[in-house]
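*Asks:* I am attaching a structure below and will ask some questions about it afterwards.
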Amino acid sequence: MKKTEFLGEVREMSVADLRQRARQLAQELMKLRFRKASGQLENTHGMRLARRNLARVKTEITLREKTA
């Protein structure tokens with residue numbers, strides 16, 4: 000998914016949905032880390048994308064909490 004598509008999707012979500020998405024991304028990142036450590040992960044770029052998407056979701060949560 001492209002960055003702009005992801006951001007558009009994130010901005011339309013509620014705070015509860017954002018928290019759930021953050022948990023999903025954290026679990027995905029953990030799975031990728033385990034696969035990398037065991038040598039099963041060939042494409043490490045997915046880790047970078049998951050880490051950045053998690054940061055984007057957490058940033059959006061923080062912005063909404065500050066404005067509310």
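The numbers in numbering that gives the first Met the number 0 rise by one with no breaks, and the one at position 68 of the sequence shown is 67.
Note that beta-carbon positions come from the ideal geometry of N, C-alpha and C, so glycine has one too.
Because the structure is a prediction, the values reported are computed rather than measured.
(1) Once DSSP output is grouped into helix, strand and coil, what is the label at GLU41?
(2) Since LYS1 is in the alpha helix (DSSP H), which residue starts that stretch and which ends it?
(3) I think LEU6 touches ARG47, with their Cβ atoms under 8 Å apart; what is that distance to the nearest whole Å?
(4) Report the CB separation of LEU53 from ALA15 in whole angstroms; it is logged as a contact under 8 Å.
(5) Would a C-beta distance cut-off of 8 Å place LEU28 and ARG34 closer than the cut-off?
(6) Near ARG50, what residues of its chain come up, given a Cβ to Cβ distance below 7 Å and the 5 sequence neighbours on each side ignored?
*Replies:* So, from the listed chains and residues:
(1) As a working mapping, residue 41 is identified with position 42 in the sequence shown. Of the three classes helix, strand and coil, the one that applies to GLU41 here is coil, per DSSP.
(2) Here the question's residue 1 lines up with position 2 in the sequence shown. DSSP places LYS1 outside any alpha helix (DSSP H), giving it a letter other than H or E.
(3) As a first step, residue 6 must be located in the sequence shown, where it is residue number 7. As a first step, residue 47 must be located in the sequence shown, where it is residue number 48. In fact, because the Cβ distance is near 17 Å, the residues do not count as touching under 8 Å.
(4) Here residue 53 refers to the residue found at position 54 when the sequence shown is read from its first residue. Here residue 15 refers to the residue found at position 16 when the sequence shown is read from its first residue. That pair is no contact at about 17 Å.
(5) Residue mapping note: residue 28 aligns to position 29 of the sequence shown, counting from 1. Residue mapping note: residue 34 aligns to position 35 of the sequence shown, counting from 1. Result no, Cβ atoms of LEU28 and ARG34 do not sit closer than 8 Å.
(6) If you number the sequence shown from 1, residue 50 lands on position 51. For ARG50, same chain residues with a beta-carbon under 7 Å away, outside a window of 5 residues either side, are LEU28 in chain order.
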